[in-house]
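Everything in the sequence shown is counted per UniProt numbering, starting at 1 for the first residue and increasing by one. Where a beta carbon is used, it is the ideal one built from N, C-alpha and C, also for glycine. Keep in mind it's a predicted model, so treat the numbers as computed, not measured. Read through the structure below, which is laid out as structure tokens, and then see the notes.
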Amino acid sequence: MSTKVISLVSIGAHPSSGRARRAEQDARAVELGLQLAGDNLQVVHAGDPREEALRAYLGMGLDHLDVLEQPAGADVLGVLGDYLRDAGAQLVLTGSQAETGEGSGMLPFLLAEKLGWPLVVGLAEVESIDNGTAQVLQALPRGQRRRLKVRLPLLATVDNAAPKPRQSAFGPARRGVLAARNVAVIEDSLLAEDALQPARPRPKRLKVIKAKSGADRMKAATAKASGGGGKVLKDVSPQEGAEAILKLLVEEGVLR
Numbered sequence: 001m002s003t004k005v006i007s008l009v010s011i012g013a014h015p016s017s018g019r020a021r022r023a024e025q026d027a028r029a030v031e032l033g034l035q036l037a038g039d040n041l042q043v044v045h046a047g048d049p050r051e052e053a054l055r056a057y058l059g060m061g062l063d064h065l066d067v068l069e070q071p072a073g074a075d076v077l078g079v080l081g082d083y084l085r086d087a088g089a090q091l092v093l094t095g096s097q098a099e100t101g102e103g104s105g106m107l108p109f110l111l112a113e114k115l116g117w118p119l120v121v122g123l124a125e126v127e128s129i130d131n132g133t134a135q136v137l138q139a140l141p142r143g144q145r146r147r148l149k150v151r152l153p154l155l156a157t158v159d160n161a162a163p164k165p166r167q168s169a170f171g172p173a174r175r176g177v178l179a180a181r182n183v184a185v186i187e188d189s190l191l192a193e194d195a196l197q198p199a200r201p202r203p204k205r206l207k208v209i210k211a212k213s214g215a216d217r218m219k220a221a222t223a224k225a226s227g228g229g230g231k232v233l234k235d236v237s238p239q240e241g242a243e244a245i246l247k248l249l250v251e252e253g254v255l256r
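Have a look at this one:
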């Protein structure tokens, strides 16, 4: 029996112009889904079915794209959870963070919690799916990979470590169908009470380099950043892990 693969997509924004486009990470989720399921891949968006930017996903070779009709400011968590459960999804792929809206990156975590599924962050490759178990490669810092075996159903997020998406072709993009589905609308109470504003980037702290000559200073400034300040915790209790995280946040000045 084939594995039911669904890719979740959102509307992206060009980093310079802000023009609506397909989201880069979501396009990688579609690419990975096409490599796994081919024509059987199902792609889902929760939002406005009249959004033309969605056709960029159709241009990747999709016959249709299911749109769960939702107004701006709606809470799509419950709608997506119910849809995925009813559709019998076994592997759900999505980008790790939206390019528009809140962009908090929390939706995959909340969705996995709602469904009671395992979540793999930074999926780079699905090596095999056999007997209800997926063997995958998870992307780690500095190009490293970790092999995992996870029971299905599974939700996974992809980032720039996943395969690059194919180009969107104009013809298939125009011929494809944006299939709107009427579903329940739940107002996002948080957005209803508060307004969103762009976050202010925090300045990056620079390490003070003591060097005797200009050449030494240049070498230190261009040297690749090295680790050493991190700490790997293995076989610790949740309490010990939480205390270690809290200690780090205090040391970094995030908490006081």
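Consult DSSP for residue i and reduce its assignment to one of helix, strand or coil.
i	result
residue 12	strand
residue 5	strand
residue 44	strand
residue 30	helix
residue 138	strand
residue 261	Nothing about residue 261 can be read from this structure; the chain reaches only from 1 to 256.
residue 150	strand
residue 217	helix
residue 162	coil
residue 244	helix
For residue i, which beta-bridge partners are listed by DSSP?
i	result
residue 92	6 and 155
residue 177	64
residue 186	Looking at the DSSP assignment, residue 186 forms no beta bridge with any residue, so it has no partner.
residue 100	Answer by DSSP bridge pairing: none, since residue 100 is not bridged.
residue 272	Absent from the structure is residue 272, since the part of the chain shown begins at 1 and ends at 256.
residue 123	138
residue 21	12
residue 69	47
To the nearest angstrom, how far is it from the Cα of residue i to the Cα of residue j?
i	j	result
residue 40	residue 105	27 Å
residue 174	residue 27	17 Å
residue 61	residue 89	21 Å
residue 168	residue 49	19 Å
residue 115	residue 66	20 Å
residue 246	residue 234	17 Å
residue 74	residue 46	9 Å
residue 327	residue 36	Nothing about residue 327 can be reported from this structure: the residues present for the chain run from 1 to 256 only.
residue 68	residue 80	8 Å
residue 186	residue 96	23 Å
residue 148	residue 53	34 Å
residue 44	residue 76	12 Å
residue 248	residue 239	14 Å
For residue i, count neighbouring Cβ atoms within 10 angstroms of its own Cβ and tell me buried if that reaches 16, exposed if not.
i	result
residue 64	exposed
residue 213	exposed
residue 11	buried
residue 108	buried
residue 15	exposed
If contacts are defined as beta-carbon pairs under 8 Å, then residue i and residue j qualify, I think. What distance do you get, rounded to the angstrom?
i	j	result
residue 29	residue 93	4 Å
residue 157	residue 121	5 Å
residue 59	residue 201	Actually they do not touch by this definition, with Cβ atoms about 33 Å apart.
So, does the CB of residue i fall closer than 8 Å to a CB anywhere in chain C?
i	result
residue 137	The structure shown contains no chain C; it holds only a single protein chain.
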